[in-house]
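Under full-length UniProt numbering, the first residue of the sequence shown carries the number 1, and numbering increases by one thereafter. All C-beta atoms, glycine included, are put in the ideal place defined by N, C-alpha and C. The structure appears below as structure tokens.
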Amino acid sequence: MSDPTALPGVAVIGGGPAGLMAAETARAAGIEVDLYEAKGSVGRKFLIAGKGGLNLTHGEDRPGFDRRYRERSEAVGAWLDDFDAAALREWARGLGVETYVGSSGRVFPLDRKAAPLLRGWVRRLRDQGVRFHVQHRWEGWDSDGALRFWTPTGEVAARHGAIVLALGGASWPQLGSDGAWQPWLAARGVDMAPLVSANCGFDIDWSAHFVQRHAGAPLKPVIAHWQEDGADHALQGECVVTADGIEGSLVYAISAPLRDAIARDGRAVLTLDLAPGRDLDRLRADLAKPRNGRSMSDHLRRQAGLNGVKTALLYEVLGKEGLGDADRVARTIKRLPLTLLRPRPIDEVISSAGGVRLEAMNEALMLNALPGMFCAGEMVDWEAPTGGYLLNASFASGRRAGLGAVDWLARSTDIRG
């Protein structure tokens with residue numbers, strides 16, 4: 001290993017949105033910034049997120065926006081006080097990227113692409129003097145307390161006045177978010193919650209026949225019903241049947257309470273309304289009409305408006321015999337129960353929950369156990385649904401950590417002076 005290089009200012013470790021925003025914030029305050037990234041380029045997960053149209057934030061008004069962060073709504077809301085959806089859109093405009101609010105309330109760049117924004121951002125950061133060190137994978141500390149980095153040419157070490165960790169969770173290991181940082185922080189007394197799947201699909205024990213014929217089929221529209229904190233909840237949307245279970249935007253939006261129910265009870269029950277436009281009484285009456293020699297599938301199509309996969313779900317849940325009771329069929333169409341066995345593995349889901357507990361940090365996101373070290377982004381114990389909420393809070397946390405590092409350096413200088 002080379003001798004530790006003493007560098008001034010802030011080290012930002014991780015080149016995702018939180019890390020880049022922390023670097024920008026510190027550099028804007030006149031602080032020297034070195035940004036370390038394990039991969040050969042920054043923002044790789046950001047680019048993946050933009051493949052379907054970069055969803056930067058959401059147009060929902062606060063405090064409804066804040067409630068999307070569930071038990072962390074107050075803490076994340078404080079970050080958003082400094083960098084909310086309007087501030088994020090204005091920031092993008094400063095990079096020459098105009099945005100619009102879609103019909104769903106989601107906010108996108110006009111061209112719906114991530115690459116132009118990222119290129120402009122990195123170019124601006126370089127012009128402002130941020131030093132980028134790619135292919136520098138952080139591996140904790142050496143025996144003298146210096147930061148250790150693996151590089152293709154060997155290990156190097158460095159010391160900085162303040163450090164911002166923005167290492168991501170564990171949901172995209174191929175892009176660098178592999179959670180490898182957990183044991184290093186735990187060994188230094190940092191309290192962490194286990195990393196778990198978020199914005200995820202769930203496993204269901206489908207029959208082989210159902211999987212063979214319907215894996216990949218969309219379910220739309222449907223209304224999901226679930227219980228959370230003893231109350232009934234409902235949300236309309238779309239999802240997809242998979243070979244393993246169920247996934248899609250509707251499922252991702254409610255994955256947190258479903259995941260928590262599985263952790264608590266060993267399983268969760270999600271019920272789907274397969275015919276949102278028809279009430280129970282109408283279904284009962286329509287399904288009680290004579291079939292006149294038509295098959296049950298044709299009868300369900302004509303009288304309940306069900307397509308192939310929705311009909312197959314009724315067979316899967318009720319069995320062929322159960323379809324003979326029109327009242328039972330009608331009730332099942334409005335409340336089809338699905339037993340969710342487990343969330344999908346963390347390395348294939350959109351994001352992760354858990355990580356460094358907020359209680360292990362102060363309001364500036366500095367670790368209580370490691371003064372001068374800050375954390376931001378998905379490695380911190382908060383979560384949000386897709387729809388722009390996740391990305392906006394990542395930006396906002398990076399800004400807060402960057403400001404915290406600037407303040408720490410100023411106070412450290414005052415003390416030394």
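By the Cβ test, the region 280-290 is in contact with the region 329-343, since at least three Cβ pairs between them sit closer than 8 Å. Between Gly105 and Glu60, the CB-CB gap stays under 8 Å. Under the DSSP assignment, Lys45 falls in the alpha helix (DSSP H) whose first and last residues are Arg44 to Ala49. Secondary structure of Arg342 (DSSP, three-state): strand.
At a Cβ-Cβ threshold of 8 Å, Leu365 and Ser397 count as neighbours.
Rounded to the nearest whole angstrom, the C-alpha separation of Leu274 and Pro116 is 41 Å. Here Gln128 is exposed, its C-beta having fewer than 16 other C-beta atoms within 10 Å. Closest in C-alpha terms to Leu165, from the list Asn55, Gly40, Leu35 and Asp347, comes Leu35. For the pair Ala256 and Arg357, the CB atoms are not nearer than the 8 Å cut-off. Take Leu47, set aside five residues on each side of it, and the residues of its chain with a beta-carbon closer than 8 Å to its own are Ala114, Ala115 and Leu118, in chain order.
DSSP places His160 outside any beta strand (DSSP E), giving it a letter other than H or E. Runs of the beta strand (DSSP E) spanning 3 or more residues and lying entirely within the region 323-407 occur at 336-340, 351-356 and 373-375, in chain order.
The criterion of a C-beta distance shorter than 8 Å is not satisfied by Asn199 and Ile31. In this structure, the beta-carbon distance from Leu270 to Leu167 does not fall below 8 Å. Judged by DSSP in its simplified three-state form, Trp150 adopts strand. Counting the other Cβ atoms within 10 Å of the Cβ of Asn362 gives fewer than 16, which makes it exposed. When C-alpha distances from Leu318 are compared across Arg335, Gln236 and Pro343, the shortest belongs to Arg335. The Cβ-Cβ distance between Phe395 and Met21 falls below 8 Å. In the three-state reduction of the DSSP assignment, Phe210 falls in the helix class, which pools H, G and I. When secondary structure is reduced to three states using DSSP, His299 falls in the helix class. Sequence-distant Cβ neighbours of Ala92 in its own chain, meaning closer than 6 Å and more than five residues away, are Thr99. Non-local C-beta neighbours of Arg291 in its own chain, meaning closer than 7 Å and more than five positions away in sequence, comprise His299, ordered along the chain.
For Tyr36, the uninterrupted beta strand (DSSP E) run begins and ends at Val33 to Glu37, by DSSP. Contact annotation: Gly53 and Gly16 have beta-carbon atoms that are not nearer than 8 Å. With a contact defined as Cβ atoms closer than 8 Å, Val190 and Ala369 qualify at about 5 Å. The beta carbons of Tyr252 and Thr153 sit about 41 Å from each other, so the pair does not count as a contact at 8 Å. Selection Pro173, Glu228 and Asp244 evaluated against Glu71 yields Glu228 as nearest (Cα-Cα).
For Ala86, the enclosing alpha helix (DSSP H) stretches over residues Ala85 to Gly94. Rounded to the nearest whole angstrom, the CA to CA distance from Asp286 to Gly277 is 14 Å.
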